[in-house]
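Down below is the structure, laid out as structure tokens.
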Amino acid sequence: MTWRATALTLFPDMFPGPLGQSLAGRALEQGLWSVEARNLRTYGIGRHRVVDDTPFGGGAGMVMRPDVVSAAIRDVGREGRPLVYPTPRGRPLRQDDVRRYAGGPGLVLLCGRYEGVDERVLEAEQVEQVSIGDYILSGGEMAALVLLDSCVRLIPGVMGSEASGTEESFSDGLLEYPHYTKPASWEGRDVPDILLSGHHAAIAGWRQTESETATRMRRPDLWAAHLARTGQDTGGPVSLAADPERLH
Ligand code: ADE
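UniProt numbering applies: residue 1 is where the sequence shown begins, and numbers increase by one.
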């Protein structure tokens, strides 16, 4: 069955955008997933199809009207699909969420522009608010594309043999170990000897250590969660200055 995405947006031409290329693009052609972009302007008010207005209480920017946005939402056959509103105010998107979304029938994505969407429609329509990171994009479309990409690659048949699934970053809560390929020596930099040794157990151990080191240095939040999960003491906050040469 096809995994279905519907995007509600003022910029329908942004879809599928980059997802028309590469793995996602091939899967789209094969019918493994689909994306329909609906123009929110269609639901705008009056001859000028107005979709936004000034914020009550004052302040900069414009807010998308709840009557317009709800009309668009109610016109979509959700058919069990979560309705997701990408916004920097949302809870951070995690791989667990992605797995949940990819395992369902699809997504309806509400893409905001301007300062955002009137809060009442978000309450009334059981909208999941999701952030893709602590930075501000100019609208929800790019975030929606990021979210779709993360889901589409998990749809059975999309990645073929290219994803092992189990060994990726975050699947065990740690960052991935570093990768190397030919040539074994490049511009005076050699691939770690152990990777050329053929000792599979030793290689697995080295990779585990590299994963742990990268996570500890770069992502103290993930490292603390890992330690809590594996029942180890955090030993207090991790010093990022401990070995500044170790990671780049
Ligand atoms: N819209 C604008 N910025 C965003 C972000 N960081 N995450 C999700 N949606 C957004």
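Don't be surprised by glycine CBs; every beta carbon is placed ideally from N, CA and C.
For Met64, the closest alpha carbon among the candidates Ala24, Gly80 and Leu10 is that of Leu10. For Gly173, the CB stays at least 7 Å from every heavy atom of the ligand ADE. A distance criterion of 7 Å places the beta-carbon of Pro178 beyond contact range of the ligand ADE, judged by its closest non-hydrogen atom. Using a cutoff of 7 Å, the CB of Ile194 does not count as near the ligand ADE, since none of the ligand's heavy atoms is closer than that. When DSSP states are grouped into helix, strand and coil, Pro86 belongs to the strand group. Secondary structure remark: continuous alpha helix (DSSP H) runs of at least 4 residues inside the segment 35-86, in chain order: 66-75.
With contacts defined as CB atoms closer than 8 Å, Leu110 and Ile73 qualify as a contacting pair.
Close CB contacts of Met62 within its chain, under the 7 Å cut and outside five residues either way in sequence, are with Asp52, Asp53, Thr54, Tyr114 and Glu115 (chain order).
Here the alpha carbon of Ser138 sits roughly 43 Å from the alpha carbon of Ala184. Looking at the backbone, the Cα of Thr87 and that of Tyr180 are separated by about 36 Å. Contact between Gly17 and Leu227 is ruled out by a C-beta separation of about 39 Å, above the 8 Å threshold.
In the structure shown, Arg153 falls within a coil segment according to DSSP collapsed to helix, strand and coil. When only Cα atoms are considered, Ile203 and Leu222 end up about 23 Å apart.
For Arg189, the pairing in a beta bridge is given by DSSP as Trp186. Bounds of the beta strand (DSSP E) holding Glu128 are Glu128 to Ser131. By DSSP's assignment, Ala7 forms a beta bridge with Ala37 and Leu109. Residue state for Gly103 is assigned as helix, using DSSP reduced to three classes. Comparing alpha carbon positions, the residue from Tyr177, Val191, Glu128 and Trp186 closest to Met217 is Tyr177. Contact between Gly90 and Ser131 holds, with the beta-carbon distance rounding to 4 Å and staying under 8 Å. Residues Pro82, Leu107 and Cys151 of the same chain have their beta carbon placed closer than 7 Å to that of Tyr101, with the five preceding and five following residues left out of the count. Here Glu141 is buried: its Cβ has 16 or more other Cβ atoms, across all protein chains shown, within 10 Å. The DSSP-derived three-state label of Arg94 is coil. A distance criterion of 7 Å places the beta-carbon of Tyr101 beyond contact range of the ligand ADE, judged by its closest non-hydrogen atom. Checking the DSSP bridge columns, you'll see Gly116 partnered with Val63.
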